[in-house]
Each structure stands twice: as C-alpha cells, then as structure tokens.
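Engineer: Structure below; questions to follow.
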Amino acid sequence: DQQVKQNSPSLSVQEGRISILNCDYTNSMFDYFLWYKKYPAEGPTFLISISSIKDKNEDGRFTVFLNKSAKHLSLHIVPSQPGDSAVYFCAASAVSTNAGKSTFGDGTTLTVKP
Amino acid sequence: NAGVTQTPKFQVLKTGQSMTLQCAQDMNHEYMSWYRQDPGMGLRLIHYSVGAGITDQGEVPNGYNVSRSTTEDFPLRLLSAAPSQTSVYFCASSYRGNNSPLHFGNGTRLTVT
C-alpha cells in the first residue's frame with residue numbers, strides 16, 4: 319500500500335501562471351513533509367518543508383500548504399518559470415524516525431512553457 | 005565543498021556478478037542512506053545508517069549489503085546482480101533529526117543484463 323501518493327504524473331503550465339502540485343498520504347503518524355525537485359541526470363534537491371504543527375510554509379515563490387484532516391498537502395509555485403521544469407517529489411516522515419528515512423511519492427513532472 | 009559523491013555514474017553488469025557502489029560525503033552528516041528509483045516511480049529506501057558502525061534495512065533491502073566503517077563513506081554492495089536490480093541508485097546524507105532534509109548524490113545508473 320503506497321503511503322504517499324502523487325496522483326498527477328505530469329502538469330503543464332504557462333510561464334507566469336501558478337503551478338499547483340498535490341500530494342496525499344495515508345499514514346497518520348507522518349508529521350513532517352518535504353518537497354524535493356529533480357532535474358534529469360541529477361539527484362533530488364530539497365525545496366521546502368512543513369511540520370504538522372503548521373498549515374502553511376512559504377519560501378519566495380514556493381508555498382506548501384498542509385491539510386491534516388484531509389491528509390493532503392500541496393506545493394504552489396507563483397509565478398512559474400521555465401527553470402522550474404523538473405520532477406517534484408513529495409516525501410513524508412514521522413517524528414520517531416529521521417527525515418532521511420522519508421517515504422516518497424512517485425513524483426510529478428512539471429513543464430513550464432515560455 | 006563536494007557534498008555527496010557517488011561512483012561510478014554508469015555501470016553494466018551481467019546477471020550473477022557482484023559490485024560495490026561507492027558513496028562519500030564531506031558534510032559530517034550522521035545519517036546516510038541508499039535509495040533506488042525505477043522508471044515512473046519514487047525513491048525506495050534500501051538501507052540506511054544513523055552513524056558509523058550502525059546500519060539497518062529499509063523498504064527493499066534484499067540483494068544488497070551495506071557497511072559504515074567511517075562517517076564519510078557508505079558503500080552499497082550487490083551480492084549477485086539480477087535484472088530486477090536495474091535501476092538508478094541514489095545515496096543521500098543528512099544530519100540526524102526529523103527536520104533535516106536529505107542531500108543527494110547524482111546517482112549511479114545500473115543496468116543488469
């Protein structure tokens with residue numbers, strides 16, 4: 319049973335518009351959530367995270383929202399830029415473990431068109 | 005600052021061969037881990053280590069061995085390669101703690117024929 323799901327394999331948006339990437343989880347023990355970004359032939363890089371004690375975390379153009387009751391989080395990118403085109407992974411971990419032991423979703427490929 | 009370094013970048017093995025994927029980090033991170041990524045899928049944890057001399061299994065450990073004799077190095081050994089182990093392997097490290105994100109290497113692309 320997949321505990322972290324990213325149901326949209328791909329998303330295409332126009333430059334300057336908002337990109338919204340979604341992630342659902344099933345394990346109620348998860349209390350820390352991270353987003354990673356991956357370019358081809360490179361390893362994933364950390365983008366932004368959120369603790370379960372918050373419902374929003376913002377870093378520049380990137381905002382992550384957490385809805386604990388729905389077990390849902392989303393990543394908003396505003397405005398989207400062509401350089402944001404990459405695969406985005408959602409990951410979740412529990413306080414009893416290390417964030418390095420996160421469970422990952424399958425990823426969403428974002429394409430931002432100029 | 006090199007971060008996490010993985011070697012080799014590419015490797016082709018025949019079924020039954022063994023090999024070691026190397027991983028080194030220079031950030032003095034306590035935690036190190038190995039993930040594999042198959043096409044269209046996320047990263048699945050193979051083995052991890054919370055410090056020198058301590059290792060444990062992740063989600064998909066079968067067919068792999070690890071050891072952690074130093075803080076810096078965390079090699080992954082394939083004992084007898086199988087086509088099902090064809091994948092991209094990522095090594096990662098982080099400080100201990102729930103809010104310490106992973107730093108990844110650039111991966112090793114392994115093909116087993």
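In the order they appear, the protein sequences are chains A and B. First residue of the first sequence? That's 319 in the working numbering, and the numbers climb one at a time after it. First residue of the second sequence? That's 5 in the working numbering, and the numbers climb one at a time after it. Virtual Cβ for every residue (Gly too), placed ideally from N, Cα, C.
Start and end of the beta strand (DSSP E) containing residue 50(B)?
Structural biologist: On the second sequence, residue 50(B) is found 46 positions in, with the first residue counted as 1. Start and end: 47–55.
Engineer: Can you name the residues of chain A whose CB is closer than 8 Å to the CB of residue 110(B)?
Structural biologist: Along the second sequence, one-based indexing puts residue 110(B) at 106. Residues of chain A passing the Cβ test: 359, 360 and 361.
Engineer: Quick one, which of 411(A), 340(A) and 335(A) has its alpha-carbon nearest residue 430(A)'s?
Structural biologist: As a position in the first sequence, residue 430(A) is number 112, starting the count at 1. Comparing Cα positions, the closest option is 335(A).
Engineer: Is residue 351(A) close to chain B, meaning its C-beta is less than 7 Å from at least one C-beta of that chain?
Structural biologist: In the first sequence, residue 351(A) corresponds to position 33, counting from 1. Taking Cβ atoms only, chain B never reaches closer than 7 Å to residue 351(A), which makes this a no.
Engineer: If I'm right that residue 413(A) touches residue 373(A) with Cβ under 8 Å, what's the distance once you round it to whole angstroms?
Structural biologist: Numbered from 1 along the first sequence, position 95 holds the residue referred to as residue 413(A). Numbered from 1 along the first sequence, position 55 holds the residue referred to as residue 373(A). At roughly 17 Å, the Cβ-Cβ gap does not stay under 8 Å, so residue 413(A) and residue 373(A) are not in contact.
Engineer: Where residue 386(A) and residue 64(B) are concerned, what is the direct C-alpha to C-alpha distance, given to the nearest angstrom?
Structural biologist: Reading the first sequence from its first residue, position 68 is the one you call residue 386(A). Reading the second sequence from its first residue, position 60 is the one you call residue 64(B). Taking the straight line joining both Cα atoms gives about 28 Å.
Engineer: Could you say which of 85(B), 106(B) and 39(B) lies nearest to residue 22(B) if we only look at CA atoms?
Structural biologist: Position 18 of the second sequence, counted from the start, is the residue given in the question as residue 22(B). Minimum Cα distance to residue 22(B) is reached at 85(B).
Engineer: Roughly how many angstroms separate the alpha carbons of residue 318(A) and residue 322(A), rounded to a whole number?
Structural biologist: Shown here, chain A extends from 319 to 432; a query on residue 318(A) therefore has no answer.
Engineer: Are the CB atoms of residue 356(A) and residue 404(A) nearer to each other than 7 Å?
Structural biologist: For this step, residue 356(A) is matched to residue 38 along the first sequence. For this step, residue 404(A) is matched to residue 86 along the first sequence. A contact, by the Cβ cut-off of 7 Å.
Engineer: Could you tell me if residue 424(A) is buried or exposed, where buried requires 16 or more neighbouring beta carbons within 10 angstroms of its beta carbon?
Structural biologist: Counted from its first residue, the first sequence places residue 424(A) at position 106. Buried: at least 16 other Cβ atoms inside 10 Å.
Engineer: Measure the alpha-carbon distance for residue 326(A) versus residue 9(B) and round it to whole angstroms.
Structural biologist: If you number the first sequence from 1, residue 326(A) lands on position 8. If you number the second sequence from 1, residue 9(B) lands on position 5. So the two alpha carbons sit approximately 31 Å from each other.
Engineer: Give the interface partners of residue 103(B) over in chain A, defined as CB-CB distance under 8 Å, in chain order.
Structural biologist: Working through the second sequence from its first residue, we reach residue 103(B) at position 99. Near residue 103(B) (Cβ distances below 8 Å), the residues of chain A are 350, 367, 369 and 417.
Engineer: So, is residue 6(B) buried or exposed, given that buried needs 16 or more other C-beta atoms within 10 angstroms?
Structural biologist: In the second sequence, residue 6(B) corresponds to position 2, counting from 1. Its Cβ having fewer than 16 others within 10 Å, residue 6(B) is exposed.
Engineer: Is residue 78(B) closer than 7 Å to residue 104(B) when the C-beta atoms are compared?
Structural biologist: One-based indexing of the second sequence puts residue 104(B) at position 100. One-based indexing of the second sequence puts residue 78(B) at position 74. For residue 104(B) and residue 78(B), no; Cβs fall outside 7 Å.
Engineer: Which same chain residues end up closer than 6 Å to residue 330(A) when comparing Cβ atoms and leaving out the 5 residues on each side of it in sequence?
Structural biologist: On the first sequence, position 12 is the one that residue 330(A) refers to. Taken in chain order, the residues that qualify are 429.
Engineer: Residue 92(B) and residue 62(B) - do their beta-carbons sit closer together than 7 Å?
Structural biologist: The residue you call residue 62(B) lines up with position 58 of the second sequence. The residue you call residue 92(B) lines up with position 88 of the second sequence. No, they are not a contact pair.
Engineer: Quick one: which chain B residues come within Cβ less than 7 Å of residue 425(A)?
Structural biologist: Here residue 425(A) corresponds to residue number 107 of the first sequence, with the count starting at 1. The answer, in chain order, is 46.
Engineer: Where do the N-terminal and C-terminal ends of the beta strand (DSSP E) with residue 395(A) fall, by residue?
Structural biologist: Start at 1 with the first residue of the first sequence, and residue 395(A) comes out as number 77. Note, residue 395(A): beta strand (DSSP E), 390–395.
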